[in-house]
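Here is the structure we will look at.
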Amino acid sequence: MSKVIAVHSFRRGAGKSTLAANLAAIYAVEGHSVGVIDTDFHSPTIHFPFHLDEADIYYSLNDFLWGRCTARQCTYDVTNRMTGMIKGQVCLMPGSTRLSEVNQILREGVDVRLLDEGLREISHSLGLDLIVLDTCAGLNEDTMAAIALSTTLGLILRPDQQDYQGTAVTLDIAHALEIPNIFLITNMVPSAYDLHEVRDEVAEKYHCEVAAVLPFVEEMTSLGSRDIFALCFPGHPLSGEIMSLARRLVP
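All the letters of the sequence shown, read from the start, carry residue numbers 11 to 261 under the working numbering.
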């Protein structure tokens with residue numbers, strides 16, 4: 011199966027979905043065929059920066075997990091919707107935004123075995139080089155089970171005490187799951203902080219490689235989920251940092 015990169019954070023608001031979208035876009039710009047899977051069932055939003063309108067989503071990942079369609083049927087090629095020149099391909103499997111279906115999957119849980127089968131199906135049928143999983147923030151059982159399907163985990167944290175504590179617990183679980191490659195990504199670091207000091211502090215605290223320390227950038231906040239930062243601002247220093255991160259996660 012394709013390499014699977016899970017992008018996760020202990021808390022919401024850490025920039026998880028935004029970073030997942032940017033990583034997928036960078037891989038596609040470099041010529042890779044990329045699958046993007048929205049397993050953030052609480053708040054499925056990663057389809058927005060790829061300009062996939064909800065009116066165009068007939069089947070979602072939820073439908074596949076409930077046996078209503080195949081994995082291929084709920085996967086959409088969004089390459090031509092993206093900004094800029096894309097050498098590769100991005101195929102997106104969105105989560106349902108219908109409130110009743112969000113509540114249903116949160117109530118019933120996720121069949122992770124079936125999710126794994128779905129990833130394998132689209133990996134082979136679409137010839138994907140890698141898959142990016144946008145997970146649900148926190149430590150719920152379904153999220154941890156989804157993360158267990160990954161070959162690489164990018165764990166995002168912000169430089170504050172609550173994130174530090176939650177990340178420590180998440181790391182312990184990730185190690186117990188025996189995920190082959192685990193990286194920390196410190197995101198949205200205020201300009202008053204020294205990025206090198208933040209990197210050293212985080213690495214020492216967790217005894218884990220820090221793949222990137224990304225500063226807070228107003229342009230990214232202003233852009234929000236309307237588009238993908240690295241495609242809209244390819245010459246921005248932050249885009250260069252995200253590109254370096256992408257290459258570290260998948261050498």
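Quick reminder that beta carbons are idealized off the backbone N, C-alpha and C, glycines included.
Tell me which same chain residues have a C-beta within less than 8 Å of the C-beta of GLY137, skipping the five on either side of it?
Closer than 8 Å at Cβ, skipping near neighbours: SER43.
According to the neighbour-count rule (16 or more other Cβ atoms, all chains shown, within 10 Å of its Cβ), is VAL220 buried or exposed?
VAL220 should be labelled buried.
Quick check on LEU224: buried or exposed, where buried means 16 or more other Cβ atoms within 10 Å of its Cβ?
The residue in question, LEU224, is buried, as its Cβ has 16 or more Cβ neighbours within 10 Å.
Please say whether SER27 and LEU167 have beta carbons closer to each other than 8 Å?
Against a cut-off of 8 Å, the Cβ pair of SER27 and LEU167 comes out as no contact.
Looking at C-alpha atoms only, which residue of THR55, GLN83 and ASP87 is the closest neighbour of SER106?
For SER106, the nearest C-alpha among the options comes from THR55.
Roughly how many whole angstroms lie between the Cα atoms of VAL112 and ALA147?
Cα to Cα, VAL112 sits roughly 15 Å from ALA147.
Between which residues of its own chain and ALA256 is the CB-CB distance below 7 Å, once the five residues before and five after are set aside?
Cβ neighbours of ALA256 beyond the five flanking positions: LEU33, ILE36 and TYR37.
When DSSP builds the beta bridges, which residues end up paired with ILE141?
BP columns for ILE141 point to VAL14 and GLY45.
Just to confirm my understanding: we take GLU251, look at its own chain, exclude 5 residues before and 5 after, and list those with CB closer than 7 Å. What are they?
Around GLU251: ALA222 and LEU224.
If you measure between the beta carbons of VAL46 and LEU109, is that distance less than 8 Å?
Going by C-beta atoms, VAL46 is not nearer than 8 Å to LEU109.
Under a Cβ-count criterion, where at least 16 other Cβ atoms within 10 Å of its own Cβ denotes burial, should PRO190 be classed as buried or exposed?
Counting Cβ neighbours within 10 Å, PRO190 comes out exposed, since fewer than 16 surround it.
Are any of the Cβ atoms in chain B nearer than 8 Å to that of ASP87?
The question asks about chain B, but that chain is absent: this structure has only one protein chain.
Would you list the one or two residues that DSSP bridges to THR196?
According to DSSP, which records beta bridges pairwise, THR196 is partnered with LEU167 and VAL223.
If you check the beta carbons only, do CYS218 and LEU187 fall under 8 Å apart?
Going by C-beta atoms, CYS218 is not nearer than 8 Å to LEU187.
On the three-state DSSP scale, how would you describe MET95?
It is coil, neither helix nor strand.
Do PHE74 and ALA81 have their beta-carbon atoms positioned less than 8 Å apart in this structure?
Contact: yes.
Give the DSSP bridge partners of VAL100, in chain order.
In the DSSP output, where bridge partners are listed per residue, VAL100 has VAL44.
Which term fits ASP87, buried or exposed, when burial requires 16 or more other beta carbons within 10 angstroms of its beta carbon?
Its Cβ having fewer than 16 others within 10 Å, ASP87 is exposed.
With 16 other CB atoms within 10 Å as the buried threshold, where does ASN90 fall?
Per the 10 Å Cβ criterion, exposed.
Hey, could you find the ends of the alpha helix (DSSP H) GLU151 is sitting in?
That run of the alpha helix (DSSP H) goes 151–157.
Following the continuous alpha helix (DSSP H) through ASP66, name the residue where it begins and the one where it ends.
No alpha helix (DSSP H) contains ASP66, which DSSP labels as neither H nor E.
Helix or strand or just coil, what does DSSP make of SER19?
The answer is strand: DSSP assigns SER19 an E or B state.
For THR89, which three-state DSSP category applies?
It is helical.
Taking C-beta to C-beta, are ALA158 and LEU143 nearer than 8 Å?
No. Outside cutoff.
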